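Quick mapping for you: the protein sequence lines, in order, are chains R and B. 190 is the number that my numbering gives to position 190 of the first sequence; each next residue is one higher, with no gaps. 76 is the number that my numbering gives to position 76 of the second sequence; each next residue is one higher, with no gaps.
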Amino acid sequence: MYTVPLPRIGTDLAWRDAAKRLIGAAIPPQDVLWDFGGEMGELFATATPLPPPSRRIKAPQSFVQMADTVVWHKDPQRFARLYAMLWRLRHETGLMQDRADQHLAKLRQMEKGVNRCKHKMKAFVRFRDLRQGGDRRSFAAWFEPTHHTVEPTAPFFARRFADMDWMIATPDVTAQFVDGNLSFHPGQPKPDLPEDGAEALWGTYFCNIFNPARVKIKAMTSEMPKKYWKNLPEAQHIHDLIAGAEAKVQKMRDAAPTLPPERAKRIQNRLRQQKDGDQ
Amino acid sequence: MTRMALSDKLAILSDAARYDASCASSGTARRDSRDGKGLGSTEGSGICHAYAPDGRCISLLKILMTNFCIYDCAYCINRVSSHVRRARFSPDEVVQLTIEFYRRNYIEGLFLSSGIIRSPDATMSDMVQIARRLREGENFRGYIHLKTIPDAAPELIEQAGLYADRLSINVELPTDNSVKAYAPEKNPVTIRKAMGDVKSRKEVAAEKSYTGKRGKRFAPAGQSTQMIVGADGSTDATILGQSTRLYGAYQLRRVYYSAFSPIPDATAQLPLIKPPLVREHRLYQADWLLRFYGFGVDEITAARPDGNLDLEIDPKLAWALQNRALFPVDVNRASKDMLLRVPGFGTRTVGRILSTRRHRGLRYGDLLQMGAPVKKAQPFIIARDWTPGALTDSANLRARFAPPPQQLSLL
Ligand code: SF4
C-alpha cells in the first residue's frame, strides 16, 4: 500500500511525478491512496517510499492534457480516477477516443468543470486599487473559486497585468505578482481592501448598458451564477434593474411622440445645403 | 453650460450604445504584456466579464464618444430630432475610463462608436485619435473595436484599422429601400463601398511584399455589421439573403441581428413594439446553419410560405420536418454532412460520434453517455439498438417539439 502526499501548491507536478513512478512499477490502483494537502491525517500515512522513477513512461497526449486540468478539481476522488484511467491506458489503446466510456466521460465532465471555473475566474476577479504610490501601481482582489483553480489561472493574469503588481486572495491559495514575479501562498480569510471609486462608475455603466426592454434573467444567471454575485460590485444593482424594467419600458411606450427640437431643423438644413454643394 | 460629471456622461453615452448588439472580443491576434512594458492581452476567445439582466454579455466598455448627431435615423435614440440629453466625452476621458476599467479586470477593451458631429471626417478622426492614444500613449494591448463611419475619408478608415482589432460598419436595415426610408442621410452604396475598402485593406495587409515582409496588421479580428430586425417589413428570407451576400462579398466575421426595441422619445414614424426577441434568436440560429452546417438560405426559409422562420421550433428541426424522406439516418454509417443535419446534433456531438464509431458500433445509450441531445434527435436516427419506426413520419411529430399554445398576455 502506498500513501502519496500531494501538496496544495504544485499539485499537478507532484501527482504526475508520483503517477509515473507507480505506473512504472506496475502498482495497481487499489494499492494507492492519494492524500491531498494532508487532509487524511496521520491515520493512513504509510512510510512506504514511492518506487524510483523508471524508464520513460508513455501516455497519450490527450490524457496528459486532461490530467493537467482534472488535478485541480475539488472532488477528492480526482487523483484516484486519473490513476485508474492511466492504468487502463496501458492496455486499452484508443480508450481516449471512446466518448462513450463511462469513466472517461466522468473525467471529461470534471475537466469541463475546472475549465469553466478557470474561465469564470478570468471573468469575475475584480481588482481594487491599493493606491500605494511608487513606480508600479498595485491592485488586490478577493475571489472564491469553486475548484482549486488559482494556480493554473494565475499565469493568465500575469500575461495580462504585467505592468502592475497584484494579488488575488482566496480561501484556497493566494497568488501574488510583484515586480514581474508570480508566487503562490496559502489561502487566507477575506482581507480588508480599500474602497475604490471606480466601482461606482462601473456600476453606472452596468445599469445603463442594460436594455430594460429585453429582460432575460435566466440567460444572465446561467452565465453569471448567483454564487459569484457577492464579490461582484455590479451585482448589487441587478435587483433594482429587474424591478424597474417594466415601468421604464411602459414609460417609453406611453410617451407621445414629440416635436423635434428647434435646432434640429437648422442642423438638417445646413447638412442639406452641404450635400447639394458637394454634388 | 456647466460641466457635466463623468458619471453623468458615462450614463448617457452607455445608454446610447446599448442598441449595438456586438460585444465580441474574440478572434484577434494573440498579444500579451509579459515584457512588462504595457497593459493587456488578447488570447483567442474573448471573455464576458459580466452579464446584464438582458442576458447579454458585457465584454467591452461599449460607449459613444458623443451622442450629438446631425443625422436623423428614425430608429435611433441619438437622431437630431430627439430630445435625449446630450453629452460628449473628451478623448482623455475615454482613454482613462478604458484603462482604469481594464486594470480592475472589468473589461476586455473598448468598443467605441459615435454620433456624427460636425462632419463624418471630424468624427472619425477623433475616434482614431482615441485609439492611437490607447495604443501608443498607454501601450494598451487589449481589444479595440471601432465603429466606422462609412462617409469618412478612406485614409481615416485605414488608420483606424491599424489600431483597432475590429472595424464594423452597420448596414442598419435589411434593404436599400428601408435605409432610404428610415436613415435618409445614409447611403447604402457608400456603406457597401466602405465595407469593400476594409476588405481590400485587410487583403493587402495579409500579403507578403517581395521582401517577404508582411504589411502592418490591419483589423486582425475582421469586420462585422449589424441589421435591425423588426423595424421595417423585411421577411426573414430577405434578411438572411442579405446576410449571405454580405458574408460572401465582404468576408464579414459576423452579422449581428438586433431586435428593434423601444427607445425613449421615439418618432411617430416607427411604432414601439415589443422587441421580437424570439425572431432575433431564430435568425441567429439560421445564420449559424448557413455558415457552419452547409445549409442554403432557400432550404432554411422554404418551410413556410411567407418567407419567415418558424418561431416555435428551431430552423434545423423545421427543415428536418419538411424533409422527412431523408430520415432516419444511421449514426454508424451516415456522412458527416448528413449527421450535421440531424436536429439536436451540433458539431461537437458529430465529432464525438465520428471519433467513437471508429472503435465500435454506437448504441442509443452511447449517444446519451456522450451528451448528445438524444430526445430531440431520436425520431431522426438509427443506432445499433434503436430505430424510430413510424415515429419519423408520424403526423403529430411537430407537436412533440413545439411549445404548447400559450395564453396571450397584454403588451
Ligand atoms: S448616424 Fe443615425 S444611427 Fe448613427 S447616431 Fe446618428 S442618428 Fe443614430
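Positions of the beta carbon are idealized from the N, C-alpha and C atoms, including for glycine. On a predicted model such as this, the values are computed, not experimentally measured, just so you know.
- Per DSSP, G109(B) is one residue of the beta strand (DSSP E) stretching across G109 to S113.
- The beta carbon of A183(B) sits closer than 7 Å to at least one heavy atom of the ligand SF4.
- Taking 8 Å as the threshold, the shortest C-beta distance from C48(B) to chain R falls below it.
- One finds nothing in chain R with a Cβ atom closer than 7 Å to the Cβ of A194(B); even the nearest lies about 17 Å away.
- Burial state of K118(R) is buried, judged by a 10 Å Cβ sphere holding 16 or more other Cβ atoms.
- Note that the segment 224-240 of chain B touches the segment 257-267 of chain B; at least 3 beta-carbon pairs, one per stretch, sit closer than 8 Å.
- When 7 Å is used as the limit between beta carbons, N105(B) is near these residues of chain R: V125, R126 and F127, in chain order.
- Cβ atoms of V179(B) and E172(B) come within 8 Å of each other, at about 6 Å.
- Remark: C-beta atoms of I169(B) and P188(B) do not approach each other more closely than 8 Å.
- Contact annotation for P275(B) against chain R: N211, A213 and R214 [CB-CB distance below 9 Å, chain order].
- When rounded, the separation of the alpha-carbon atoms in L95(R) and D101(R) is 8 Å.
- Scanning the segment 120-206 of chain B for uninterrupted alpha helix (DSSP H) segments of 4 residues or longer gives 120-132, 154-163, 176-182 and 188-206, listed from N- to C-terminal end.
- Rounded to whole angstroms, the separation of the alpha carbons of P29(R) and M85(R) is 9 Å.
- Per DSSP, V32(R) is one residue of the beta strand (DSSP E) stretching across V32 to F36.
- Looking at the backbone, the Cα of M167(R) and that of M252(R) are separated by about 45 Å.
- When distances are taken from the beta-carbon of G115(B) to the heavy atoms of the ligand SF4, the shortest one is below 7 Å.
- Taken in chain order, the members of the segment 172-192 of chain R whose beta-carbon sits within less than 8 Å of a beta-carbon on chain B are G180.
- Remark: C-beta atoms of Y205(R) and L61(B) approach each other more closely than 8 Å.
- Around the beta-carbon of L259(R), fewer than 16 other beta-carbon atoms lie within 10 Å, marking it exposed.
- Interface flag for V32(R) against chain B is unset, since no Cβ pair is found closer than 8 Å.
- Of all alpha-carbon atoms in G344(B), R360(B), P315(B) and T347(B), the one lying nearest the alpha-carbon of R333(B) is that of R360(B).
- Judged by beta-carbon spacing, R166(B) lies beyond the 8 Å limit of G40(B), meaning their Cβ atoms are not closer than that value.
- Of the residues assessed, T69(R) falls on the buried side of the cut-off, its CB having 16 or more other CB atoms within 10 angstroms.
- Where F380(B) is concerned, there is no enclosing alpha helix (DSSP H), because DSSP gives it neither an H nor an E.
- Checking the 7 Å criterion, the Cβ of R79(B) is within range of a heavy atom belonging to the ligand SF4.
- Checking the 7 Å criterion, the Cβ of D151(B) is out of range of every heavy atom belonging to the ligand SF4.
- Interface residue (Cβ-Cβ distance to chain R less than 8 Å): R358(B) is classified as such.
- Below the 9 Å Cβ cutoff, chain R contributes A198, L201, W202 and Y205 as neighbours of F101(B), in chain order.
- R34(B) is positioned such that its CB atom lies no closer than 8 Å to that of M164(R).
- Taking the CA atoms as reference points, M110(R) sits about 14 Å from R99(R).
- Residues of chain R with a Cβ closer than 8 Å to the Cβ of V278(B) do not exist, since the nearest Cβ in that chain sits about 11 Å away.
- With a threshold of 8 Å between beta carbons, G94(R) makes contact with chain B.
- Note on geometry: alpha-carbon atoms of W87(R) and E144(R) lie some 34 Å from one another.
- Listed by position along chain B, the residues whose Cβ is nearer than 9 Å to that of A105(R) are Q369, M370 and G371.
- Under DSSP, H147(R) takes part in no beta bridge, so it has no partner.
- Against chain B, a Cβ distance below 7 Å from V249(R) picks out P262.
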